[in-house]
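Data block below; observations after.
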Amino acid sequence: MKFEKPSSIRLVLFGSAAFWNVSIGMTHVMIPLYALSLGFSILRIAAVVAIPVLATLGVRFMGGALSDRFGERRILQSCYLLNTVSAIVLLQADGLVSLLVAVTVSNMSRSFFWTPAQSMASQIPGATAGKSLGQLSACNAAGSMTGMATGGALVALLGYSGAFQVLAVTTLGASILGFFLPPVEEKPRGRSVWKNLVGIGTFLCYRRTWLVISASFAAGLTPALCLSIYPVYLAQLGHGEEWIGVTLSMRGLGPIINGLLIASFITPSRQAVFYAVGLTILGLFLLGTGSLSQLVLLALCIAGLGIGGGLMDVWYQVQATDLSTSSNRSAAMASMGLGWNFAYIVTPLTVGWLVELGGFRFGLLTTGAFFLLIATGTRLWYRLLAPPGSGLQVPSTQIDVGVTETTKGQ
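First residue of the sequence shown? That's 8 in this note's numbering, and the numbers climb one at a time after it.
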């Protein structure tokens with residue numbers, strides 16, 4: 008059964024996603040600052056952010072498999088409820104273990120959210136996949152931007168206990184709206200969760216998938232930094248908590264601009280250009296954050312990072328849509344979006360280690376130079392991972408486990 012009223016699904020899907028992202032944006036600011044108030048070191052704060060992601064890597068695959076088996080709506084409802092549980096645990100957190108539990112449950116919610124939300128958005132009729140996914144990205148960014156802008160202010164105004172209570176109420180908004188989500192196209196009957204998991208694994212056997220994963224890693228870089236390194240960096244520069252949240256929220260401007268003005272131009276035929284441009288923007292603005300200390304200029308750089316990350320975010324989703332069908336869309340999103348999970352593990356720990364080694368300036372400048380180097384190698388990565396005429400070509404007998412024969416996007 009397809010959507011009967013595309014405008015209604017946009018309202019409910021985007022509304023629930025906005026509430027969810029507001030709460031996630033709040034945690035991006037609150038958790039590292041709360042850990043700092045508990046006396047944690049930079050590397051320990053990075054570990055609080057990164058280590059729980061290890062426990063949720065498999066959750067992303069399971070979420071994609073369950074979504075292709077039971078539908079996107081049920082998985083999104085579970086995601087919203089998990090986020091509420093995380094907020095309740097955070098209310099009681101007073102040390103490393105309890106904070107790790109809260110962050111782990113929050114990451115489980117994140118692992119469940121992106122795949123079904125993107126899959127559902129890509130199936131809305133009446134617009135190209137790039138446009139619908141761009142609108143979802145803009146909505147997500149607006150919610151995250153609001154959450155980050157208010158997160159620090161709430162801490163300054165209400166203290167951590169009061170701020171965590173507001174966070175819990177916000178998570179309930181998404182949970183309530185989740186019950187009004189309609190189903191999309193019916194999933195094929197007789198296909199088990201295990202077969203869907205095998206389908207995800209099959210996607211990972213193709214080189215082209217890993218090119219897309221590299222883009223989803225780049226898309227996850229900025230939020231990973233905003234959750235771990237940047238709040239502490241801004242605090243070390245002497246900026247207040249209320250201004251830290253506002254500054255970090257500027258990241259959301261990029262995906263909003265991308266979603267409303269640029270996303271419809273991101274097509275498979277222009278993929279190499281947007282891949283290189285997105286990585287270049289990330290590299291340049293990482294260099295900017297490592298070179299500057301003025302709050303306004305740092306805010307502009309973080310907004311620039313949001314533009315680069317937003318481009319890569321829509322880019323990988325368009326690729327996953329182009330290389331899948333509605334019946335295995337969640338499997339494609341789950342496998343090709345794996346870079347997001349890697350970004351939340353690798354980025355805090357690697358940049359945190361570089362910061363411990365040579366300071367914030369050294370860590371951020373080194374990371375920026377690395378992304379510029381990757382951008383210059385775009386043609387090489389395409390020759391190695393996506394040569395002309397490659398595609399995801401698999402025998403028709405494997406279609407039932409969730410892999411498409413399509414060679415679109417070449």
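The beta carbon of each residue, even a glycine, is placed where N, CA and C say it ideally should be.
> Counting along the chain, where does the alpha helix (DSSP H) carrying R427 start and finish?
Replying inline: Not covered by the structure: residue 427. The range shown for the chain is 8 to 417.
>> Tell me whether the segment 230–240 and the segment 53–63 touch, counting them as touching only if at least three CB pairs, one residue from each stretch, are closer than 8 Å.
In response: yes
>> Given this structure, state the Cα-to-Cα distance separating A283 from R386, to the nearest angstrom.
In response: One-based indexing of the sequence shown puts residue 283 at position 276. One-based indexing of the sequence shown puts residue 386 at position 379. Approximately 9 Å between the Cα atoms of the pair.
>> For T122 and S337, which I take to be in contact (beta-carbon distance under 8 Å), what is that distance rounded to the nearest angstrom?
In response: Translated into the one-based positions of the sequence shown, residue 122 becomes position 115. Translated into the one-based positions of the sequence shown, residue 337 becomes position 330. Confirmed, about 5 Å.
>> Please classify V96 as buried or exposed, where buried requires at least 16 other C-beta atoms within 10 Å of its C-beta.
In response: Residue 96 sits at position 89 when you count from the first residue of the sequence shown. By the neighbour-count rule (16 or more Cβ atoms within 10 Å), V96 is buried.
> Taking C-alpha atoms, which residue in A24, F119, H246 lies nearest to L305?
Replying inline: Within the sequence shown, the letter at position 298 stands for residue 305. Looking at the Cα atoms, H246 is the closest of the given residues.
> Closest by CA to L318, which one among F120, T178, T274, D75?
Replying inline: Along the sequence shown, one-based indexing puts residue 318 at 311. Minimum Cα distance to L318 is reached at T274.
>> Taking the alpha helix (DSSP H) that Q142 belongs to, which residues open and close that run?
In response: In the sequence shown, the residue the question calls residue 142 occupies position 135. Note, Q142: alpha helix (DSSP H), 136–185.
> Applying the criterion that 16 or more other CB atoms from any shown protein chain within 10 Å of the CB defines a buried residue, is P39 buried or exposed?
Replying inline: Sequence index remark: in the sequence shown, residue 39 carries index 32 (1-based). Burial call: buried.
> Are at least three pairs of beta-carbons, each pair with one atom in the segment 344–354 and one in the segment 258–271, less than 8 Å apart?
Replying inline: no
> In the structure shown, what three-state DSSP assignment does L299 receive?
Replying inline: If you number the sequence shown from 1, residue 299 lands on position 292. Residue state, collapsed to three classes: coil.
>> Below 8 Å on the Cβ atoms is my contact criterion, and I expect M115 with L89 to pass it. Report the Cβ-Cβ distance as a whole number of Å.
In response: Taking the first residue of the sequence shown as position 1, residue 115 is located at position 108. Taking the first residue of the sequence shown as position 1, residue 89 is located at position 82. About 5 Å separates the two Cβ atoms, so the contact holds.
>> Classify I52: buried if its beta carbon has 16 or more other beta carbons within 10 angstroms, exposed otherwise.
In response: Locating residue 52 in the sequence shown gives position 45, where the first residue counts as 1. With 16 or more other Cβ atoms within 10 Å, it is buried.
> Do L307 and G295 come within 9 Å of each other at the CB atom, strictly closer than that value?
Replying inline: As a position in the sequence shown, residue 295 is number 288, starting the count at 1. As a position in the sequence shown, residue 307 is number 300, starting the count at 1. The answer is yes: Cβ separation under 9 Å.
> For A393, does the three-state DSSP call read helix, strand or coil?
Replying inline: On the sequence shown, position 386 is the one that residue 393 refers to. In this structure, A393 counts as coil in the three-state DSSP scheme.
> With a Cβ-Cβ cutoff of 9 Å, do G266 and S144 count as a contact?
Replying inline: Position 259 of the sequence shown holds residue 266. Position 137 of the sequence shown holds residue 144. Yes, the Cβ-Cβ distance between G266 and S144 is below 9 Å.
> Shortest alpha-carbon distance to I236 belongs to which of G297, L289, T209?
Replying inline: Looking up residue 236 in the sequence shown gives position 229. Comparing Cα-Cα distances from I236 to each of G297, L289, T209, the minimum goes to G297.
> In whole angstroms, what separates the C-alpha of F436 from that of G137?
Replying inline: The shown model of the chain, from 8 to 417, leaves out residue 436, and the question about it has no answer.
>> Given a cut-off of 9 Å on the beta-carbon distance, is the pair G159 and W250 in contact?
In response: Here the question's residue 159 lines up with position 152 in the sequence shown. Here the question's residue 250 lines up with position 243 in the sequence shown. Yes, the pair counts as a contact, with Cβ atoms nearer than the cut-off.
>> Determine whether the beta carbon atoms of L371 and L302 lie at a separation below 9 Å.
In response: Numbered from its first residue, the sequence shown carries residue 371 at position 364. Numbered from its first residue, the sequence shown carries residue 302 at position 295. No, these two residues do not count as a Cβ contact at 9 Å.
> From which residue to which residue does the alpha helix (DSSP H) around M257 run?
Replying inline: Residue numbering aside, residue 257 sits at position 250 when the sequence shown is read from its first letter. Per DSSP, M257 belongs to no alpha helix (DSSP H) and is neither H nor E.
> In angstroms, rounded to a whole number, what distance separates the CA positions of S151 and G208?
Replying inline: One-based indexing of the sequence shown puts residue 151 at position 144. One-based indexing of the sequence shown puts residue 208 at position 201. The straight-line gap from Cα to Cα measures roughly 31 Å.
>> Quick check: the Cα distance between V410 and G141, rounded to an integer number of angstroms?
In response: For the purposes of this step, residue 410 is taken as residue 403 along the sequence shown, with counting starting at 1. For the purposes of this step, residue 141 is taken as residue 134 along the sequence shown, with counting starting at 1. Bear in mind that the predicted position of V410 carries a pLDDT of just 38, short of 50, making it too unreliable to give a figure here.
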